[in-house]
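Report on the following structure.
Number of protein chains: 2
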Amino acid sequence: MYALGTHLLVELRDCNPEILKDLNRVKDALVSAAKEAKATIIDVSFHEFNPFGISGMVVIAESHLSVHTWPEYAYAAVDIFTCGDIIKPEVAAQYLIGQFESKTPSVVEMKRGILSFDGERMPHKIECAEAAAV
Amino acid sequence: MYALGTHLLVELRDCNPEILKDLNRVKDALVSAAKEAKATIIDVSFHEFNPFGISGMVVIAESHLSVHTWPEYAYAAVDIFTCGDIIKPEVAAQYLIGQFESKTPSVVEMKRGILSFDGERMPHKIECAEAAAV
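If you read the sequences in order, they're chains R and Z.
This note's numbering applies: residue -11 is where the first sequence begins, and numbers increase by one.
This note's numbering applies: residue -11 is where the second sequence begins, and numbers increase by one.
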């Protein structure tokens, strides 16, 4: 079976809470993770909640990375959804485990867009050369 | 066991390809889905790829909605990640199935942030009253 995308659901437990509260560190970590994985970044959006907690998304040509942090529980939920053969989602996951200093991470991999069951390979994009931000 | 969040992985197959190519329709659908589910929208980011295909994210106070469309395959991958008891992720999923005219949708529900195994309830946010866009 061929899938259009790979989606890693990353549970980062026992992280460093001070990092999870720091908007710039969290944003830099996700942006760097995308670059480490050879992704093409299209847009970045990060937000800080009151009294703490951060949500952020990095839209990439190959789909997206997202993070939601709960500093009060030393926990962050990360999603890394990628398509194509060039990008390495596991590299992004490994990088973030290190950046957030998670002592007990877990990673579950899901395949998205399994549309063919006869071995037919379905290219994920006919052409990805250009993206227009709107 | 108590989870901080609910994450619906929605596979929308056999959609209307013309809708999946239309940036405004896709964006309006996701924004409306978030509102139908009683979410608080923080930020919206949608992008069109060449020759077609749309990626979009709606950051909400309660986490996020995302969509990636493959009009050439009449398929869209949607994620609805929510926290708390007020928001109804299944309402958003049902709404999008209708908006994209998916004939064969599937929804898988994952729990995120299961940190306690002794029945202890862990509130998902100490306070969500304010979000600062950065």
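Glycine included, every Cβ here is placed at the ideal spot set by N, Cα and C.
{"Item": "Name, going along the chain, the residues of the segment 80 to 106 of chain R whose beta-carbon falls closer than 7 Å to a beta-carbon of chain Z.", "Value": "98, 100, 101 and 103"}
{"Item": "Apart from the five residues just before and just after residue 70(Z), which ones in its own chain have a Cβ nearer than 6 Å to its Cβ?", "Value": "-6, 50, 51 and 77"}
{"Item": "What did DSSP end up calling residue 7(Z) once you bin it into helix, strand or coil?", "Value": "helix"}
{"Item": "Anything in the segment -7 to 7 of chain R with a Cβ closer than 8 Å to a Cβ of chain Z? List those residues in chain order, please.", "Value": "-7, -5, -3, -1 and 1"}
{"Item": "Identify the residues that DSSP records as bridge partners of residue 42(R): which are they?", "Value": "36(R)"}
{"Item": "Kindly list the residues whose CB is nearer than 6 Å to the CB of residue 96(Z), restricted to its own chain and excluding five residues on each side of it in sequence; keep chain order.", "Value": "-3"}
{"Item": "Taking CB distances under 8 Å as the criterion, tell me whether residue 65(R) reaches chain Z.", "Value": "yes"}
{"Item": "Span of the alpha helix (DSSP H) holding residue 89(Z)?", "Value": "Where residue 89(Z) is concerned, there is no enclosing alpha helix (DSSP H), given that its DSSP letter is neither H nor E."}
{"Item": "Please identify the residue among 83(Z), 47(Z), 12(Z) and 36(Z) whose C-alpha is closest to the C-alpha of residue 126(Z).", "Value": "Because chain Z here runs from -11 to 122, residue 126(Z) falls outside it and cannot be looked at."}
{"Item": "Quick one: give me the first and last residue of the beta strand (DSSP E) that residue 1(Z) is part of.", "Value": "-10 to 1"}
{"Item": "Apart from the five residues just before and just after residue 98(R), which ones in its own chain have a Cβ nearer than 6 Å to its Cβ?", "Value": "-5"}
{"Item": "Does the CB of residue 74(Z) have a neighbour CB from chain R at under 8 Å?", "Value": "no"}
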